[in-house]
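Asks: Just so you know, we're using the numbering used here here: the sequence shown kicks off at 5 and counts up by one.
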Amino acid sequence: MSRYYKVCCENIGRPVCVRTVDGKEYRGFIRRVTQTHVYLEPIGGHAGYGYGFWGLGFGLGIALGAIGTLAFLPWFFI
């Protein structure tokens, strides 16, 4: 299990900055966590595709194993 899994589960709803091992950076709110992925809602609004009646249109899924750095953002940076 990833070391980030527990941290992400305990902080659902908080704003984060995630930097992956390949250098990409993502900012958003943690909305869902599975054993393999963390799902972010991008800061600034809803994005992503989903079926309207399912409500599963999370903006971005990042593999927990691909996370290089996870930093929590203070609310005034949003």
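We put the CB at the ideal spot given by N, CA and C, even for glycine.
1) With C-beta atoms as the reference, is Gly-63 less than 8 Å away from Glu-45?
2) Tell me the DSSP secondary structure of Arg-31 in three-state form.
3) Closer than 7 Å by C-beta to Ala-75: which residues in its own chain qualify, once you throw out the five before and the five after it? Chain order, please.
4) Using the Cβ count rule (16 or more neighbours within 10 Å means buried), how would you classify Val-42?
5) Reducing DSSP to helix, strand and coil, say where Gly-72 ends up.
Replies: So, from the data block:
1) Between Gly-63 and Glu-45, the CB-CB gap stays under 8 Å.
2) In this structure, Arg-31 counts as strand in the three-state DSSP scheme.
3) Correct list, in chain order: Val-20 and Cys-21.
4) Note on Val-42: 16 or more other CB atoms within 10 angstroms of its CB, so buried under the neighbour-count rule.
5) In this structure, Gly-72 counts as strand in the three-state DSSP scheme.
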